[in-house]
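Worksheet for the structure shown next.
The following block contains the structure:
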């Protein structure tokens, strides 16, 4: 029994009366991601459609959501938490109502197009979509874990627990910022020379990490775990996530309790949350376990999840230096990978998180960890791509990069494509480094 | 220049018209800790005085806080965050007004005692004092770090970074509960036998950790660290904190990103926040650095802090088993230690946390880490006290403990005593283990 099924909202033939949606790479009528935006000083909830945003309060007040009264109260909030907390059935009915209302020629669509419910994205500022009470970061790519392990422990790259436990740790919620917010290079303690004292100063090995964020939908009370077969009901949707990392600070501070200041100076997320319903056509088989890799323990095993619990999201990272921008050179793609290459599925990640009784709450954010694939150009951070700086990359401007320089902009994109379905996308996650 | 100075609110001769305060071990008129309580279905802010609570809204509405109009709005909230966000000068004026109002014979006191501003603690339920957006746990006791290190790495107990960096990591905010809330024994993956697969089941090595929690007062914006000399303005007050820990889960999961499910099933805090102003008489010199231990780096060095930046808080842990309670045996004290034995001061901890640009917010909670001293009976957790279970302790009931059993209640207490000053206390932090 899958929580997310295909229905008429996924029909690739659907067209919207919002013209830009029909040629938009990310936000056609088959997607309908949720977000929060500011316009004229007011913060509101919306749904992306092409180049526009459906203003959800205006839509409700125009009577266009009369079919889903159970969702009405949640639309008044400034962030998505209350909407995320609604039962999956209510969220699905809201998606259906929005889809019908945005279709060309549907009775609802003919009415809606005259009701002034759209805001142009160019006229709005996107903000964080939810009040993120807790943020957790996982480490679900075995390729990333193996690459990092090879640099630290060449003889023993993958720790014994990796193939048994979805490794994760708590992150900092307060420093999560929306795409576009500049990121200040952090200072911290580093120690390159074990014979000399550490020094305190700006990080010289600043990195990005390409991740996907999972937003929690229905929560669970403290002390009440849930079975993996029910994990789907606890997930609301996904965004892109850049887990900015200061590698020199991390190396010196992380023993024995994990990364801390190396990560908590900023985490950037894309503003549109693509729902699990929208992703239903792109569910796929998880990465096959290789010889020597054990099957998951019973509490992480579900037949449906093992069949198509992974998400087929293509991901890419582009880099643009200040010099490239001043020369008019477009950003350079430096890696591409797939979310389906994770060792652990979203259902396993969320189930494990709550398995000891930890209470997850609507709006909580779970990062997947760096999404790296097996190929060299599928490595999701500079640490791996340049192999700790020993194999620098060259930009179109002729500049060389081992780690990020001031003025560098990192741009992440994600999208889903499959024969027989309309492509949908996660939009962009951008951030530029300030000195 | 110290942020916290002595004034007439610390006068040991002060008596209150609330009689129970004058003989109360923790909450005399010299203390005045803040908290949030529920009575008749309503949640309100209050100040502990003896066996009673000053209802702050009722006090304001009776005109007894007219001297501090800048604090009035913050008193309407259900939690202390807005009050914590007020400037230190406003918070100090509020303390002075409360002190004057509660004094025997003062004009304000004579008026106040007839205004019905008290609620008996026995009639109220204490709740979490603040909305804790982010919770961070440090590792500031060198005795604890050394003991734990000896068990894991006998040849190299203390890692090289320990004496340079206040080691910390992000914790889980959602599972923080107030004193008295029962704690369910968590399940999780453990692996005692490296030749066999791990198993998933209830933890068999459940432990407490005696800590003190530091509540953040004034916050700092993202990307804007502050100097250690200003750290005092960023601290609001302290509470007791029990960082419940499942040692068997921790051992198997913690590499390489730190403890996760071993800690996030519950963290218990005492409900009354003792302010930094109340603690002013008990500031003392930090633990002296021993030969081979470097002085702190410049960003963590402040002359005032090095002179009296530590807090002289005495701490103790008592244990009561279900059998002891049924036999009418009082809880057995199993350890006692002092907060002044930490290697890092509160100012160093909070300054380091923000030093890379991380934004701290009013109401954020920072645990000190297990407060252990050098003596064997000053070890702040069972892992140390029983040396990983190899030296079990015997309870008055004849029962033996290596780790916590179902039905065990852990009771933490903290207090400050100094010649020439009235003793004040932090109250209690209790929790009983459920199966």
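Protein chains in written order, with our numbering: chain R, 1450 to 1884; chain Z, 1450 to 1884. All C-beta atoms in this analysis are idealised placements derived from N, C-alpha and C, irrespective of residue type, glycine included.
Residue 1614/R versus residue 1774/R: straight-line alpha-carbon distance, rounded: For the purposes of this step, residue 1614/R is identified with residue 165 of the first chain, where counting begins at 1. For the purposes of this step, residue 1774/R is identified with residue 325 of the first chain, where counting begins at 1. Approximately 43 Å, taken between the alpha carbons.
Simplified DSSP state of residue 1555/R, which is helix, strand or coil: To locate residue 1555/R, count along the first chain from 1; it is residue 106. Of the three classes helix, strand and coil, the one that applies to residue 1555/R here is coil, per DSSP.
Check whether residue 1721/R and residue 1482/R have beta carbons under 7 Å apart: In the first chain, the residue the question calls residue 1721/R occupies position 272. In the first chain, the residue the question calls residue 1482/R occupies position 33. In contact: residue 1721/R and residue 1482/R (Cβ atoms closer than 7 Å).
Residue 1735/Z burial status per 10 Å Cβ neighbour count (16 or more: buried): Mapped onto the second chain, residue 1735/Z falls at position 286. By the 10 Å Cβ count, residue 1735/Z comes out buried.
Euclidean distance between Cα positions of residue 1444/R and residue 1611/Z: Residue 1444/R is absent from the structure shown; chain R starts at 1450 and stops at 1884.
Cut-off 6 Å between Cβ atoms - residues of its own chain near residue 1662/R, not counting five sequence neighbours on either side: Working through the first chain from its first residue, we reach residue 1662/R at position 213. Correct list, in chain order: 1688, 1690, 1718, 1814, 1816.
Beta-ladder partner(s) of residue 1477/Z, from DSSP: Translated into positions along the second chain, residue 1477/Z becomes position 28. Residue 1477/Z pairs with nothing; no bridge assigned.
Test: residue 1731/Z CB closer than 7 Å to a CB of chain R: Taking the first residue of the second chain as 1, we reach residue 1731/Z at position 282. Cβ-Cβ to chain R under 7 Å: no for residue 1731/Z.
Residue of 1727/Z, 1501/Z, 1668/Z minimising C-alpha distance to residue 1459/Z: Working through the second chain from its first residue, we reach residue 1459/Z at position 10. With distances taken between Cα atoms, residue 1459/Z lies closest to 1727/Z.
Contact set for residue 1592/R: own chain, Cβ-Cβ below 8 Å, skip 5 residues either direction: Your numbering for residue 1592/R matches position 143 in the first chain. Once the five neighbours on either side are set aside, the close Cβ partners of residue 1592/R are 1790, 1821, 1822, 1823, 1827, 1828.
Rounded Cβ spacing between residue 1723/Z and residue 1532/Z (contact assumed at less than 8 Å): Position 274 of the second chain, counted from the start, is the residue given in the question as residue 1723/Z. Position 83 of the second chain, counted from the start, is the residue given in the question as residue 1532/Z. No, residue 1723/Z and residue 1532/Z are not in contact; Cβ-Cβ is about 14 Å, not under 8 Å.
Extent of the continuous beta strand (DSSP E) run through residue 1879/Z: As a first step, residue 1879/Z is located in the second chain; it is residue number 430 there, counting from the start. Element bounds for residue 1879/Z: 1873–1883.
Start-to-end residues for the alpha helix (DSSP H) that takes in residue 1601/Z: The residue given as residue 1601/Z occupies position 152 in the second chain. Per DSSP, residue 1601/Z belongs to the alpha helix (DSSP H) from 1591–1601.
Any chain Z beta carbon closer than 7 Å to residue 1830/R: As a first step, residue 1830/R must be located in the first chain, where it is residue number 381. No, residue 1830/R does not count as interfacial toward chain Z.
Cβ of residue 1635/R within 7 Å of any chain Z Cβ: As a position in the first chain, residue 1635/R is number 186, starting the count at 1. Chain Z, which has a Cβ nearer than 7 Å to the Cβ of residue 1635/R, makes this yes.
CB contact below 7 Å: residue 1622/R versus chain Z: In the first chain, the residue the question calls residue 1622/R occupies position 173. Closer than 7 Å: yes.
Within-7 Å CB hit, residue 1593/Z to chain R: Your numbering for residue 1593/Z matches position 144 in the second chain. With 7 Å as the cut-off, residue 1593/Z does not count as an interface residue toward chain R.
Unbroken beta strand (DSSP E) run spanning residue 1563/R, endpoints: Position 114 of the first chain, counted from the start, is the residue given in the question as residue 1563/R. Careful: residue 1563/R lies outside any beta strand (DSSP E) and carries neither H nor E.
Residue 1744/Z at chain R interface by Cβ criterion, 7 Å: If you number the second chain from 1, residue 1744/Z lands on position 295. It does not; no Cβ of chain R falls within 7 Å.
Where the region 1699–1722 of chain Z meets chain R: residues whose CB sits under 9 Å from a CB there: 1701, 1702, 1703, 1704, 1705, 1706, 1707, 1708, 1709, 1710, 1711, 1712, 1713, 1714, 1715
Test item: CB-CB of residue 1832/Z and residue 1653/Z under 7 Å: Along the second chain, read from residue 1 onward, the residue named residue 1832/Z stands at position 383. Along the second chain, read from residue 1 onward, the residue named residue 1653/Z stands at position 204. Against a cut-off of 7 Å, the Cβ pair of residue 1653/Z and residue 1832/Z comes out as no contact.
Exposed unless 16 or more other CB atoms sit within 10 angstroms - verdict on residue 1450/Z: Counted from its first residue, the second chain places residue 1450/Z at position 1. Low local confidence applies: a pLDDT of 37 at residue 1450/Z is under 50, so the model's placement there is unreliable, with the coordinate-based value given in what follows. Classification for residue 1450/Z: exposed.
Residue 1465/R versus residue 1553/R - alpha carbon distance: Taking the first chain and counting its residues from 1, the one referred to as residue 1465/R is at position 16. Taking the first chain and counting its residues from 1, the one referred to as residue 1553/R is at position 104. The alpha-carbon atoms of residue 1465/R and residue 1553/R are separated by roughly 5 Å.
DSSP bridge partner residues for residue 1677/Z (one or two, in chain order): The residue labelled residue 1677/Z in the question sits at position 228 within the second chain. DSSP output for residue 1677/Z lists no bridge partner at all.
Ordered list of beta strand (DSSP E) runs contained in the region 1683–1738 of chain Z, each at least 3 residues: 1684–1691, 1716–1718
Expected contact under 8 Å - CB spacing of residue 1512/Z and residue 1467/Z to nearest Å: Residue numbering aside, residue 1512/Z sits at position 63 when the second chain is read from its first letter. Residue numbering aside, residue 1467/Z sits at position 18 when the second chain is read from its first letter. Their Cβ separation, rounded to whole angstroms, is 19 Å, which puts residue 1512/Z and residue 1467/Z out of contact at 8 Å.
Residue 1811/R beta carbon less than 7 Å from that of residue 1855/R: Here the question's residue 1855/R lines up with position 406 in the first chain. Here the question's residue 1811/R lines up with position 362 in the first chain. Result no, Cβ atoms of residue 1855/R and residue 1811/R do not sit closer than 7 Å.
Start and end residues, beta strand (DSSP E) containing residue 1519/Z: Within the second chain, the letter at position 70 stands for residue 1519/Z. Residue 1519/Z -> no beta strand (DSSP E), and no H or E assigned at all.
For residue 1857/R, the nearest candidate out of 1521/R, 1526/R, 1766/R, 1496/R (CA to CA): By 1-based counting over the first chain, the position of residue 1857/R is 408. Minimum Cα distance to residue 1857/R is reached at 1766/R.
CB of residue 1504/R within 7 Å of CB of residue 1493/R, strictly: Reading the first chain from its first residue, position 55 is the one you call residue 1504/R. Reading the first chain from its first residue, position 44 is the one you call residue 1493/R. Yes, Cβ-Cβ distance for residue 1504/R and residue 1493/R is below 7 Å.
Residue 1470/R, buried or exposed, once every other Cβ within 10 Å from all chains shown has been counted against 16: The residue labelled residue 1470/R in the question sits at position 21 within the first chain. Residue 1470/R should be labelled buried.
Supposed close pair residue 1729/R, residue 1529/R - CB separation, criterion 8 Å: What you label residue 1729/R is simply residue 280 of the first chain in a count that begins at 1. What you label residue 1529/R is simply residue 80 of the first chain in a count that begins at 1. Actually they do not touch by this definition, with Cβ atoms about 19 Å apart.
7 Å Cβ cutoff met for residue 1609/R and residue 1599/R: If you number the first chain from 1, residue 1609/R lands on position 160. If you number the first chain from 1, residue 1599/R lands on position 150. For residue 1609/R and residue 1599/R, no; Cβs fall outside 7 Å.
Spatial distance of residue 1798/Z from residue 1485/Z (CA atoms): For the purposes of this step, residue 1798/Z is identified with residue 349 of the second chain, where counting begins at 1. For the purposes of this step, residue 1485/Z is identified with residue 36 of the second chain, where counting begins at 1. Between residue 1798/Z and residue 1485/Z, the C-alpha separation is close to 26 Å.
C-alpha distance - residue 1550/R paired with residue 1489/R, whole-angstrom precision: The count along the first chain starts at 1 and reaches residue 1550/R at position 101. The count along the first chain starts at 1 and reaches residue 1489/R at position 40. Going by the C-alpha atoms only, they are around 25 Å apart.
Residue from 1837/R, 1762/R, 1801/R whose Cα sits closest to the Cα of residue 1586/R: Translated into positions along the first chain, residue 1586/R becomes position 137. Of the candidates 1837/R, 1762/R, 1801/R, the one whose C-alpha sits nearest the C-alpha of residue 1586/R is 1801/R.
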